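Novice:
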Amino acid sequence: MFIDSVTLHLKGGKGGDGCVAFLREKYVDKGGPSGGHGGRGGSIIFVGESGLTTLLDLRYLKKIEAEDGQKGMDSNMFGHKGENVYVKVPIGTTVTNLDTGKVVADITKHGQEIVVAKGGRGGKGNAAFASSKNTTPRYAEKGIAGEEYNAQLDLKVLADVGLVGFPSVGKSTLISVVSAAKPKIAEYHFTTLVPNLGVVAVGDGRSFVMADLPGLIEGASLGAGLGLQFLKHIERTRVIAHVIDMSGSEGRNPIEDYEIIRNELKNFNEDILDRKEIVVANKMDVEGSIENLEKFKAHYPNLEIVPISAYTKSNLDILLYKLADCLDEAKKEDKFKIETSEVVEYNFVEEGPKFTITMDEAGYFNVDGPEVKKLFERTDFTNEVSIRQFARALRQLGVEEELLKQGAEPGETIIILGYEFEFIA
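Residue numbers for the sequence shown follow my numbering, beginning at 5 and rising by one.
(1) According to DSSP, is A149 helix, strand or coil?
(2) Is G104 helix, strand or coil by DSSP?
(3) Between the segment 264–272 and the segment 294–310, do three or more beta carbon pairs fall short of 8 Å?
(4) Let me confirm a value: L102 is counted as buried when at least 16 other C-beta atoms fall within 10 Å, else exposed. Which label applies?
(5) What's the C-alpha gap between N444 and K160?
(6) Going by Cα to Cα distance, which pick from G126, G252, T104 and Y368 is closest to V149?
(7) Touching or not, the segment 58–65 and the segment 157–176, by the rule of three or more beta carbon pairs under 8 Å?
(8) Answer yes if the segment 175–186 comes into contact with the segment 120–135, meaning at least three C-beta pairs across the two stretches below 8 Å, and no otherwise.
(9) Indicate whether the contact test is met: 3 or more Cβ pairs, each with one atom in the segment 7–20 and one in the segment 137–148, closer than 8 Å.
(10) Only counting the same chain, and skipping five residues up and downstream in sequence, which positions put a Cβ closer than 6 Å to that of V283?
(11) Which residues bound the beta strand (DSSP E) around P311?
(12) Look up P171 in the DSSP assignment and give the residues it is bridged to.
(13) What number of angstroms, rounded off, separates the C-alpha of P374 from the C-alpha of T362?
(14) First and last residue of the alpha helix (DSSP H) that includes Y143?
(15) Taking the alpha helix (DSSP H) that I390 belongs to, which residues open and close that run?
(16) Could you tell me how far apart the beta carbons of H114 and G52 are, in whole angstroms, since I believe they sit closer than 8 Å?
(17) Quick one: what's got a C-beta closer than 6 Å to N387's C-beta in the same chain, skipping five residues either side?
(18) Answer yes or no: do S47 and K122 have a C-beta to C-beta separation smaller than 8 Å?
(19) Which word fits S313, buried or exposed, when buried means at least 16 other C-beta atoms lie within 10 angstroms of its C-beta?
(20) Measuring alpha carbon to alpha carbon, tell me which residue in R63, N154 and K280 is nearest K15.
(21) What whole-angstrom Cβ distance do H303 and I265 have, given they're in contact under 8 Å?
(22) Beta strand (DSSP E) containing A205: first to last residue?
(23) Please classify P141 as buried or exposed, where buried requires at least 16 neighbouring CB atoms within 10 angstroms.
(24) For a quick check, are the C-beta atoms of R44 and G96 less than 8 Å apart?
(25) Count the other CB atoms within 10 Å of the CB of Y262; is the residue buried (16 or more) or exposed (fewer)?
(26) Would A163 and M214 be called neighbours here (beta carbons separated by less than 8 Å)?
(27) State the Cα-Cα distance for the pair T241 and V165, rounded to the nearest angstrom.
(28) Confirm, please, whether the CB-CB distance from D216 to S176 is below 8 Å.
(29) Ordered along the chain, which non-local residues of its own chain (more than five positions away) have a Cβ less than 8 Å from that of A395?
(30) According to the neighbour-count rule (16 or more other Cβ atoms, all chains shown, within 10 Å of its Cβ), is T100 buried or exposed?
(31) Do the CB positions of V371 and F385 come within less than 8 Å of each other?
(32) Determine the direct distance from the alpha carbon of A132 to that of D78, and round the result to whole angstroms.
(33) Under 8 Å by Cβ, that's how I've got G124 and K75 pegged, so tell me the actual separation to the nearest angstrom.
(34) In its own chain, which residues sit with a C-beta less than 7 Å from the C-beta of I322, not counting the 5 before and 5 after it?
(35) From A109 to I118, what does the alpha carbon distance come to, in whole angstroms?
(36) How many angstroms separate the CA atom of F425 from the CA atom of I419?
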């Protein structure tokens, strides 16, 4: 079964908490703090796999979760790191964070690894806070939660040449006679419901991957027919082979067909029209096709047009050489580049202010922001010393000063990340 889109929940492992401990060994005078750091949480890593052609394996998964890091231990022993989770996905898979709408990863190579949900950092043990002024720190950091979000995975077929055109123009027949692909072929529309890939060998030793894509109809860019389900796949092809039923056997006009399909491609993504293109005039064995071809050439004198008959297999060699040459030119000019992600870890921290202060409808000041959240997650609120450290860190961040500027008064209730605190200035 071909599945090209799935949604699931990704959650990186939480970092282990730091440990509060003191060294107590015989003959060791005033051993001091010895709490170790917590281990980093495991990450979720997607790996490109050329042997996969569908997202079927992930269809029934609701959640992928990495292992949490182990807590720190005494005697300065660090907790173990959480195990990473490696997930193989087909080449051409994109990952989108549904919570922000941003593309997290675009996997375009075999073996390419991208961290899509990073594990949280482990908390520091109390030994890390020892200083000449604080020789016996009685607090440690908590581990930070791993990155967590709802994700959508979309598979966009990677092919050198994409066959586009109306339903029943002969795309499936063409790919079946020039490659080993065996698509469904029948005398009714939309027999091709999913992309079919085939490796095409040219007589001079060159080869390329051809994709037979589901047929388009007018309004496809708005979702008509197979619409957007098809159009996302054409984004990945370097050369477009526009297959036209030159016989007009179903009462259609080849010139109008060409204009309609080009318009749908433009409405979906105008950059597609910049790709190298060859018009494949198919069904030349049918009566009326020669006259229609002459009219078509007169209307489009500058187009590269190759007349063929996929049914009788005539002129196929010339078409394959033309497509191979066109593909070579496209690679040299490099006008179309498949975007590859050079980032191995996605940064989930949004750029912007370190903290924000707003007033809600009830008249309470609300403090939020990435730096405040980071401090909050590291704080052990069951430990009085850790709480004082949290208040000191907020003061150093400038939160207290900004609250006073906005009119906050000592003793007033302040909301920090949904929790109530008393403001002491």
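Backbone N, C-alpha and C define an ideal beta-carbon position, used for all residues, glycine too.
It should be emphasised that the depicted structure is a prediction, and the values quoted were computed from it without experimental measurement.
Specialist: With the structure as the only source:
(1) Coil.
(2) It should be noted that the sequence gives Thr, not Gly, for residue 104. If DSSP states are grouped into helix, strand and coil, T104 belongs with coil.
(3) no
(4) exposed
(5) Residue 444 lies beyond the stretch modelled for the chain, which goes from 5 to 429, so this question has no answer here.
(6) A small fix is needed here, since residue 149 is Ala in this sequence, not Val. If you compare the alpha carbons of G126, G252, T104 and Y368 with that of A149, the shortest gap goes to G126.
(7) yes
(8) no
(9) Counting C-beta pairs with one atom in each stretch, the segment 7–20 and the segment 137–148 have three or more that are closer than 8 Å, which means they touch.
(10) H246, L307 and I309
(11) I309 to P311
(12) Bridge partners of P171: none, in fact.
(13) 15 Å
(14) First-last for Y143: undefined, no H or E at that position.
(15) For the record, residue 390 in the displayed sequence is Ser; it is not Ile. Looking at the DSSP string, the run of the alpha helix (DSSP H) that includes S390 is E388 to L401.
(16) 5 Å
(17) Y143
(18) Against a cut-off of 8 Å, the Cβ pair of K122 and S47 comes out as a contact.
(19) buried
(20) N154
(21) That pair is no contact at about 15 Å.
(22) N200 to A205
(23) buried
(24) no
(25) buried
(26) The answer is yes: Cβ separation under 8 Å.
(27) 6 Å
(28) yes
(29) I428
(30) buried
(31) no
(32) 12 Å
(33) At roughly 13 Å, the Cβ-Cβ gap does not stay under 8 Å, so G124 and K75 are not in contact.
(34) V310
(35) Approximately 7 Å between the Cα atoms of the pair.
(36) Between F425 and I419, the C-alpha separation is close to 6 Å.
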